[in-house]
Amino acid sequence: MKKVLFTVLLMGSAALAQTADDIIAKVQANQKTVKDVTIRVVGKAELDAGAQSIDLDIQSIPASNLTRISFNAPDALADNVVVLDKNTVYNYLFLTNQVTVQSAKKARLEGFSFDFTKFADFSTELGKDKFSLKLISTDNARDGKVYVIEATPKEQDLGFTKTRVTITENGWRPLRMQALDSKGKLLADLNFTTWKTNTGLKASTLKSLPKDAQVIKK
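When we follow this note's numbering, the leftmost residue of the sequence shown carries the number 8, and every step to the right adds one.
This is the structure in structure tokens:
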């Protein structure tokens with residue numbers, strides 16, 4: 008009887024086990040219902056000048072491949088804005104009132120020791136097409152299970168070689184993202200403190216930049 012009970016429990020636990028692909032599939036399924044998302048992100052990141060506190064707002068319209076990143080901190084980047092679409096990155100510098108326009112394939116946000124634009128964009132678009140995925144831990148939290156997935160970007164030369172994404176089953180969304188270099192050094196540790204969806208964001212709002220800004224194409 009004990010052997011039968013153990014076998015049943017073992018089969019049940021195996022059936023309930025989640026893989027990285029299972030978790031990401033649920034995140035993606037949840038994202039299909041999201042027309043737009045606004046995320047507040049706080050944490051720390053390595054800049055050229057050293058470790059700095061990060062405070063920013065990310066707004067995204069997934070169907071349009073459109074993301075806007077507005078910096079609140081550090082002071083050196085405060086009021087700067089980055090707008091990303093599928094093909095182009097627009098980097099607005101508040102102090103100089105300039106907009107640098109670059110191909111999304113070549114763009115790199117100045118000041119960071121790694122490709123922050125790609126890292127931030129991954130926060131709203133997780134998938135096997137961009138990552139090699141591995142589940143490294145599962146924990147129980149007050150609102151349900153929390154999973155940590157190690158994701159290795161398939162694109163090379165981003166300045167970081169791995170990300171660790173903490174995902175909650177309560178809404179199937181990221182809670183935290185970390186970027187690490189090839190030696191395991193932590194380049195960024197960002198927490199998602201708020202997450203609002205389907206608030207009616209418009210593409211024109213996300214694309215909006217000062218009309219009097221000087222445009223520099225690279």
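Yeah, the Cβ is synthetic: ideal placement off N, Cα and C, and Gly gets one too. Quick caveat: nothing in here was measured; it's all calculated off a predicted structure.
Within the same chain, and ignoring the five residues on either side of residue 26 in sequence, the residues whose Cβ sits closer than 7 angstroms to its Cβ are 142. Minimum Cα-Cα distance from residue 56 among the listed residues 36, 224, 194 corresponds to 194.
Each residue's CA atom was taken as its position, placing residue 33 and residue 40 some 12 angstroms apart.
Counting along the chain, no alpha helix (DSSP H) covers residue 96; the unbroken beta strand (DSSP E) around it starts and ends at 95 to 100. If you draw a 10 Å sphere on the C-beta of residue 223, you find fewer than 16 other C-beta atoms in it, and that means exposed.
Between residue 102 and residue 81, the CB-CB gap reaches or exceeds 9 angstroms. For residue 65, the closest C-alpha among the options 160, 148, 87, 83 is that of 87.
The three-state reading of DSSP puts residue 215 in coil, since its state is none of H, G, I, E or B. In terms of Cβ geometry, residue 180 and residue 157 do not form a close pair [threshold 9 angstroms]. Residue pairing from DSSP leaves residue 149 without any beta-bridge partner.
From the listed residues 85, 30, 48, 209, the smallest Cα separation to residue 184 is found for 48.
Counting along the chain, residue 44 sits inside the beta strand (DSSP E) bounded by residues 44 to 54.
Take the alpha-carbon of residue 89 and the one of residue 31: they are about 26 angstroms apart. Annotation for residue 62: the continuous beta strand (DSSP E) segment containing it runs 57 to 68. Selection 79, 42, 106, 111 evaluated against residue 218 yields 106 as nearest (Cα-Cα). The residues 159, 160, 187, 188, 189, in chain order, have a CB closer than 8 angstroms to that of residue 168 in the same chain once the five nearest residues on each side in sequence are set aside.
Assigned with DSSP and collapsed to three states, residue 188 falls in coil, not helix or strand. Residue burial is scored here from C-beta neighbours: residue 43 has at least 16 other C-beta atoms within 10 angstroms and is therefore classed as buried. Here the alpha carbon of residue 205 sits roughly 9 angstroms from the alpha carbon of residue 45.
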